[in-house]
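To start, the structure itself, in structure tokens.
There are 2 protein chains.
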Amino acid sequence: VLSDATGPLARAGTVVWAVVVAGGAGARFGHPKQFALLAGRPVVERSVTACRSVAAGVVLVLPEGRLEQGYGADIVVAGGSSRSESVRHGLAEVPFDAGIVVVHDAARPLAGPALFASVLAALEHGPSVGGAVCGIPVPDTLKRVDLIAGTVSGTVDRSDVIAVQTPQAFRADVLRRAHAAGVDATDDAALVEALGTTVRVVPGDPRNIKLTTPADLVYAEHLLGG
Amino acid sequence: VLSDATGPLARAGTVVWAVVVAGGAGARFGHPKQFALLAGRPVVERSVTACRSVAAGVVLVLPEGRLEQGYGADIVVAGGSSRSESVRHGLAEVPFDAGIVVVHDAARPLAGPALFASVLAALEHGPSVGGAVCGIPVPDTLKRVDLIAGTVSGTVDRSDVIAVQTPQAFRADVLRRAHAAGVDATDDAALVEALGTTVRVVPGDPRNIKLTTPADLVYAEHLLGG
């Protein structure tokens with residue numbers, strides 16, 4: 003149940019569940035960073051624990067063949083052939099009394115309680131809001147490339163562009179509807195946007211890095227220590 | 003003079019100079035990361051040294067009031083009120099016999115000789131090529147945001163988007179022409195693109211990070227050690 007700090011939804015007793023995505027069928031032999039130890043604890047376990055600050059229950063989506071360990075989640079399920087399909091596998095396990103579903107990448111173990119509270123609070127900006135994401139400004143110049151010619155085709159105006167992180171929070175009915183058609187997208191918010199539903203944006207956290215390389219693990223250990 | 007390894011331009015004896023941008027007027031009290039010690043040597047000195055792998059001479063653009071130290075550059079000049087203006091101040095000091103100018107951010111001290119050689123080599127793809135940049139795929143989902151409403155207005159297709167790094171290499175005449183109008187842009191390539199001149203793209207290096215936070219320094223030390 004949502005904590006009191008996050009407003010009316012909490013007072014209405016809305017049940018919050020989280021889906022933590024740690025890999026699908028294609029990740030059977032890959033993405034080891036999610037299972038690496040970060041300051042003595044598996045990355046994926048840290049991500050599951052992080053969700054506990056707002057979520058009554060956590061569904062963990064693991065690669066096929068790695069289901070023997072639950073990393074503290076309530077329910078474990080095997081992923082699909084794409085990220086979106088993995089989320090759908092997780093969503094199918096979320097109890098129907100859940101009013102809000104938070105989707106979180108296992109590879110972002112440093113997301114803190116304030117960030118989870120922030121995306122949940124953003125859901126309360128009115129009934130038209132179906133989702134909320136967190137994001138940070140893009141520090142680098144972005145260019146579109148003609149991939150065949152190997153030339154620049156233009157510079158992207160990034161004054162209104164953010165790099166999106168997880169957690170992302172959704173009204174459960176909206177997220178289920180967004181995923182009903184079985185379409186793949188880069189993130190869940192894109193599917194909710196496609197419904198024509200409003201997705202709110204809150205500031206992300208630069209420390210909430212996604213672990214993709216061994217060096218990221220070292221960096222994350224530094225962030226945890228500092 | 004360009005080394006033999008990089009092709010016809012080298013054989014023609016093309017003179018290469020570099021402009022290293024370490025801050026403008028607005029950075030007088032800021033951007034200390036560029037002057038911090040990275041594994042015992044100032045970041046800016048490492049960036050100047052990195053340019054030496056291809057450049058016969060280096061112009062270093064420093065914040066006003068910090069011109070007393072040259073960090074190994076041949077020429078030191080004060081920056082302007084924008085990054086583009088700082089590059090113009092540097093470009094004005096590049097000797098007229100330079101056929102190629104490499105622009106490099108002082109905050110990217112980890113750019114290696116292979117990356118410098120790569121952008122220079124890309125300039126040789128024919129007379130229509132005026133510049134070459136390096137870039138890496140964008141790992142995060144990008145969204146356009148309605149900044150006033152605080153809502154997502156759409157997800158950016160990033161299949162053909164790269165995050166651009168420096169070094170960027172240019173034919174000197176093209177870069178001077180691109181900067182002649184005194185226009186500001188996010189990078190020099192954008193000004194060259196605006197001339198209608200072809201800018202080539204080569205793969206960047208994920209290790210070639212831009213130092214913007216204290217944690218980046220720690221990360222960079224790890225990358226140097228590993």
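Chains A and B are the protein sequences, given in the same order.
Counting in our numbering, the first sequence runs from 3 upward without gaps.
Counting in our numbering, the second sequence runs from 3 upward without gaps.
The C-beta atom is built at its ideal place from N, Cα and C for all residues, glycine as well.
In this structure, DSSP gives L117 of chain A a helical state, which the three-state scheme calls helix. With a 10 Å radius around the Cβ and a threshold of 16 neighbouring Cβ atoms, G132 of chain A comes out buried. The beta carbon of A57 of chain A sits no closer than 8 Å to any beta carbon of chain B.
Annotated as proximal: A20 of chain B and V104 of chain B, with beta-carbon spacing under 8 Å. CA-CA distance, D207 of chain A to G67 of chain A, rounds to 33 Å. Contact between S155 of chain A and D162 of chain A does not hold, since the beta-carbon distance rounds to 20 Å and is not under 8 Å. Within the same chain, Cβ atoms closer than 6 Å to the Cβ of R110 of chain B are found at T168, N210 and K212, the five residues on either side in sequence being excluded.
In chain order, A24, G25, V78, A80 and G81 place their CB closer than 7 Å to the CB of L64 of chain A, counting only its own chain and leaving out the 5 sequence neighbours on each side. Linking L193 of chain B to A165 of chain B through their CA atoms gives a straight-line distance of about 17 Å. Contact with chain B is found for T153 of chain A, since one of that chain's Cβ atoms lies less than 8 Å from the residue's Cβ.
Only buried fits D107 of chain A, as 16 or more other CB atoms lie within 10 angstroms of its CB.
Among the residues of chain B, those whose CB is under 8 Å from the CB of T214 of chain A are P141, following chain order.
At a cut-off of 8 Å between beta carbons, A24 of chain A makes no contact with chain B.
The way I'd put it, the segment 82-93 of chain A does touch the segment 174-192 of chain A; three or more beta-carbon pairs between them come closer than 8 Å. Between V158 of chain B and V135 of chain B, the C-beta gap is not smaller than 8 Å, which leaves the two residues out of contact. Per DSSP, A192 of chain A has no beta-bridge partner at all.
Straight through space, the alpha carbons of D218 of chain B and P216 of chain A are spaced by roughly 15 Å.
Pairing L93 of chain B with A57 of chain B, the inter-Cα distance amounts to about 14 Å. Rounded to whole angstroms, G114 of chain B and G137 of chain B show a C-alpha spacing of 14 Å. Between F118 of chain B and S55 of chain B, the C-beta spacing is below 8 Å. One Cα belongs to V22 of chain A, the other to H91 of chain A, and the distance between them is close to 11 Å. For the pair S130 of chain B and V45 of chain B, the Cα-to-Cα distance works out to about 35 Å. DSSP links Q170 of chain A through a beta bridge to A:V105.
For H181 of chain A, the nearest beta carbon of chain B is not closer than 8 Å to its own beta carbon. DSSP places A80 of chain A in the strand class (E or B) of the three-state scheme. Residues of chain A whose Cβ lies closer than 8 Å to the Cβ of Y221 of chain B are, in chain order, A217, V220, Y221 and H224. Each residue's CA atom was taken as its position, placing E195 of chain B and Q71 of chain B some 34 Å apart. Taking a Cβ-Cβ cut-off of 8 Å, I102 of chain A has no neighbours in chain B, whose nearest Cβ is about 18 Å from it.
Rounded to the nearest whole angstrom, the C-alpha separation of V96 of chain A and L144 of chain A is 38 Å. Looking from the CA of A123 of chain B, the closest CA among B:V140, B:A183 and B:V201 belongs to B:V201.
The three-state secondary structure of K35 of chain B, taken from DSSP, is helix. DSSP places L149 of chain B in no alpha helix (DSSP H); its state is neither H nor E.
Taking 8 Å as the cut-off, the beta carbon of T214 of chain A is found no closer than this to the beta carbon of P205 of chain B. For T200 of chain A, the chain B residues whose Cβ falls inside 9 Å of its Cβ are A151, T153 and V154, in order along the chain. Counted as a single uninterrupted DSSP element, the beta strand (DSSP E) harbouring T200 of chain B occupies residues T200 to P205. Distance check between F172 of chain A and each of A:A183, A:T153, A:G128 and A:R160 places A:G128 closest, using alpha-carbon atoms only.
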